[in-house]
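A.B. asks: So in this note's numbering the end of the sequence shown lands on 437, straight run, no missing numbers.
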Amino acid sequence: MSNPGYGPRRKIYSVIQITQYIRELLEGDILLNGVFVEGEISNYRPNKSGHMYFTLKDDDAAINCVMFRSYASGQPFEPENGMKMLVGGYVSLYEKTGQYQLYAQVLQPVGVGALHLAYEQLKRKLEDEGLFDAARKRGIPAFPSRVAVVTSPSGAVARDIINIAGRRNRGVELVIVPTPVQGPLAAREIAEAIRLADRRAMADVIILARGGGSMEDLWAFNEEPVARAVYASRTPVVSAIGHETDYTIADFAADLRAPTPSAAAELVIPRLDEMRGAVMRLKTQLCAAASFLLAGKREQAMVFKNSRALAGYRALIKRRGELLAAGRERLARSMDRRLRELRTGHRARAAALDALSPLKAIERGFCAVFDEGGAMMTSADAFEIGDAMRVKFRDGDLRAVVSGKDLSI
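Have a look at this one:
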């Protein structure tokens with residue numbers, strides 16, 4: 029029995045030819061070229077290159093899937109094993125293994141929106157890291173002098189905050205830190221604006237503000253860079269994004285959430301008239317407290333004045349005073365006696381010195397001889413013939429010249 033397909037003139041194909049033929053058949057099929065497949069993700073394997081590999085399965089079958097980096101980078105959420113997913117793409121053959129697989133271009137969670145899923149995933153991740161802990165949130169200063177507002181400078185939000193600040197307290201300085209609040213690159217620019225306000229604005233508080241919109245419009249405030257910039261800010265941050273019912277990831281990271289931008293301005297900027305009223309009330313309370321305290325101290329002083337303990341102290345002080353007065357009197361008497369003794373001794377010594385003075389001898393009829401230099405001479409041998417001398421008497425001096433010497437033997 030012969031088989032016509034295997035005759036001597038049969039055509040032989042290589043493996044690559046067959047796999048390429050099958051791949052072309054798959055990629056040329058209209059149904060498989062733009063198909064959406066629903067199933068459960070399993071064996072999810074993100075690659076460091078940015079590609080994502082996983083299996084899509086149901087109860088009866090499974091198909092390998094790959095999403096290349098060019099598509100994976102645009103996904104707002106991270107696939108997880110067990111997720112029900114609608115995968116859009118095309119079916120082709122991977123020639124190296126000969127296996128067909130689904131090349132994913134779109135991932136849509138079944139039963140929940142992609143943005144909502146991304147929101148919940150990031151919220152859970154940052155919450156586990158402690159970015160939302162209430163213990164780390166700081167209080168908003170009651171009387172700020174400068175407020176930085178991170179928002180779009182051309183939007184209504186900036187004008188509203190400026191108007192409210194002018195109406196409530198013109199003494200508070202506003203610094204508008206401009207940033208886009210919507211678009212694919214807005215998250216990075218918002219994060220940088222927050223860092224700029226924290227570093228350079230020297231503000232007491234930062235308001236992060238945007239008007240209302242859809243979840244897609246507000247999405248920049250649900251991205252990780254913004255949440256981390258809010259968390260890292262050394263300046264307290266008040267978030268005011270969208271309407272009262274809009275909650276963003278930035279709201280959870282902020283120190284305080286305001287329902288609207290206008291409400292944020294009213295929370296942060298105190299009314300000047302209310303501040304003045306508060307100061308007057310505090311002044312009144314302080315004066316009343318001081319009067320009450322002073323009256324209490326007066327009463328305590330009177331009680332102490334009339335107390336037995338103070339009477340005992342008075343008697344003790346009196347006795348000590350008497351002792352001090354007696355001691356002062358004894359000291360005065362002792363000092364007088366000592367002064368008299370010193371005066372008597374001084375007179376005696378003065379009289380002795382006076383008795384020894386050469387002037388006393390001169391007054392009794394003696395004389396004193398001095399040389400030309402004024403030195404008193406006590407010996408005739410000190411003079412030579414022709415030397416000049418001065419002889420001092422009681423009533424005057426004589427000047428003489430030695431004309432002869434008679435020395436006693």
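The beta-carbon is built from N, C-alpha and C at its ideal position, and this holds for glycine as well.
Computed from a prediction, not measured in an experiment: that's the story for all the values here.
Which value, in whole angstroms, describes the spacing of the CA atoms of T47 and A255?
C.D. replies: In the sequence shown, residue 47 corresponds to position 19, counting from 1. In the sequence shown, residue 255 corresponds to position 227, counting from 1. Taking the straight line joining both Cα atoms gives about 49 angstroms.
A.B. asks: Could you tell me whether the Cβ atoms of S98 and F82 are closer together than 8 angstroms?
C.D. replies: Taking the first residue of the sequence shown as 1, we reach residue 98 at position 70. Taking the first residue of the sequence shown as 1, we reach residue 82 at position 54. No.
A.B. asks: Could you pull the start and end residues of the alpha helix (DSSP H) that Q136 belongs to?
C.D. replies: By one-based count along the sequence shown, residue 136 stands at place 108. Unbroken run through Q136 is the beta strand (DSSP E), 127-137; no alpha helix (DSSP H).
A.B. asks: Residues in the same chain with beta-carbon distance under 6 angstroms from M297, minus the five sequence neighbours each way, listed in chain order, please.
C.D. replies: The sequence position of residue 297 within the sequence shown is 269, counting from 1. Met is not the amino acid found at residue 297; the sequence shown has Ile there. Closer than 6 angstroms at the Cβ level, and outside the excluded window around I297, lie A193, R196, N197, V200.
A.B. asks: Under the three-state reduction of DSSP, which class applies to K39: helix, strand or coil?
C.D. replies: Indexing the sequence shown from 1 puts residue 39 at position 11. In the structure shown, K39 sits in coil (DSSP, three-state: anything other than H, G, I, E or B).
A.B. asks: Let's see if you can read the secondary structure: which residues bound the beta strand (DSSP E) around D425?
C.D. replies: As a working mapping, residue 425 is identified with position 397 in the sequence shown. Counting along the chain, the beta strand (DSSP E) containing D425 begins and ends at 424-429.
A.B. asks: Using 8 angstroms for Cβ pairs, my map puts N61 next to E68. What's the rounded Cβ distance?
C.D. replies: The residue given as residue 61 occupies position 33 in the sequence shown. The residue given as residue 68 occupies position 40 in the sequence shown. So it is not a contact: roughly 24 angstroms between Cβ atoms.
A.B. asks: Just how far apart, CA to CA, sit R366 and R347?
C.D. replies: Here residue 366 refers to the residue found at position 338 when the sequence shown is read from its first residue. Here residue 347 refers to the residue found at position 319 when the sequence shown is read from its first residue. Distance between the alpha carbons of R366 and R347 is about 29 angstroms.
A.B. asks: Measure the CB-CB distance between L435 and A408 and report whether it falls below 8 angstroms.
C.D. replies: Your numbering for residue 435 matches position 407 in the sequence shown. Your numbering for residue 408 matches position 380 in the sequence shown. Cβ atoms of L435 and A408: closer than 8 angstroms.
A.B. asks: Evaluate M29 with the Cβ neighbour count: other Cβ atoms within 10 Å of its Cβ, from every protein chain shown; 16 or more gives buried, anything less gives exposed.
C.D. replies: Taking the sequence shown and counting its residues from 1, the one referred to as residue 29 is at position 1. Residue placement at M29 cannot be trusted, given a pLDDT of 49 that sits under 50; what the coordinates show is reported in the next sentence. Flag for M29 reads exposed.
A.B. asks: What did DSSP end up calling Q45 once you bin it into helix, strand or coil?
C.D. replies: In the sequence shown, residue 45 corresponds to position 17, counting from 1. Here Q45 sits in helix by DSSP.
A.B. asks: Less than 8 angstroms between the beta carbons of V3 and Y128, yes or no?
C.D. replies: Nothing can be reported for residue 3, as the shown portion of the chain is limited to 29 through 437.
A.B. asks: Going by DSSP, which residues form a beta bridge with I234?
C.D. replies: Here residue 234 is taken as the residue at index 206 of the sequence shown, counted from 1. According to DSSP, I234 bridges with A176, V265.
A.B. asks: What is the DSSP secondary structure of A281, reduced to helix, strand or coil?
C.D. replies: Stepping through the sequence shown from its first residue, residue 281 is reached at position 253. A281: helix per DSSP, three-state reduction.
A.B. asks: Which partner residues does Y341 have in the DSSP bridge list?
C.D. replies: Reading the sequence shown from its first residue, position 313 is the one you call residue 341. Y341 pairs with nothing; no bridge assigned.
A.B. asks: Cα-Cα, which of A316, L154, M111 is closest to L84?
C.D. replies: Here residue 84 corresponds to residue number 56 of the sequence shown, with the count starting at 1. Answer by Cα proximity: M111.
A.B. asks: Please confirm whether T263 and D226 have their CB atoms less than 8 angstroms apart.
C.D. replies: Your numbering for residue 263 matches position 235 in the sequence shown. Your numbering for residue 226 matches position 198 in the sequence shown. Contact: yes.
A.B. asks: For a quick check, are the C-beta atoms of Q136 and L114 less than 8 angstroms apart?
C.D. replies: In the sequence shown, counting from the first residue as 1, residue 136 sits at position 108. In the sequence shown, counting from the first residue as 1, residue 114 sits at position 86. Yes. Within cutoff.
A.B. asks: To the nearest angstrom, how far is the alpha carbon of G373 from that of S362?
C.D. replies: One-based indexing of the sequence shown puts residue 373 at position 345. One-based indexing of the sequence shown puts residue 362 at position 334. Roughly 17 angstroms between the two C-alpha positions.
A.B. asks: CB A231 to CB Y259, shorter than 8 angstroms?
C.D. replies: For this step, residue 231 is matched to residue 203 along the sequence shown. For this step, residue 259 is matched to residue 231 along the sequence shown. No.
A.B. asks: Please confirm whether V175 and A186 have their CB atoms less than 8 angstroms apart.
C.D. replies: Taking the sequence shown and counting its residues from 1, the one referred to as residue 175 is at position 147. Taking the sequence shown and counting its residues from 1, the one referred to as residue 186 is at position 158. No, the Cβ-Cβ distance between V175 and A186 is not below 8 angstroms.
A.B. asks: Among the candidates L53, I204, D301, whose CA atom is the shortest distance from the CA of A237?
C.D. replies: Here residue 237 corresponds to residue number 209 of the sequence shown, with the count starting at 1. Selected option, being the one with the closest Cα: I204.
A.B. asks: When the distance is taken between beta carbons, is F398 closer than 8 angstroms to K420?
C.D. replies: By 1-based counting over the sequence shown, the position of residue 420 is 392. By 1-based counting over the sequence shown, the position of residue 398 is 370. For K420 and F398, yes; Cβs fall inside 8 angstroms.
A.B. asks: Measuring alpha carbon to alpha carbon, tell me which of P212, P206, D245, K124 ends up nearest I222.
C.D. replies: By one-based count along the sequence shown, residue 222 stands at place 194. Ranking P212, P206, D245, K124 by Cα distance to I222 puts P206 first.
A.B. asks: With burial defined as no fewer than 16 other Cβ atoms inside 10 Å of the residue's Cβ, what is the status of N250: buried or exposed?
C.D. replies: Numbered from 1 along the sequence shown, position 222 holds the residue referred to as residue 250. Buried, since its Cβ has 16 or more Cβ neighbours within 10 Å.
A.B. asks: Would you kindly report the start and end of the unbroken beta strand (DSSP E) that includes N17?
C.D. replies: Summary: the structure shown does not reach residue 17, with the chain confined to residues 29 through 437, and so no result is reported for it.
A.B. asks: Could you check the C-alpha separation between E157 and R326 for me, to the nearest Å?
C.D. replies: Locating residue 157 in the sequence shown gives position 129, counting from the first residue. Locating residue 326 in the sequence shown gives position 298, counting from the first residue. Cα to Cα, the separation comes out at about 59 angstroms.
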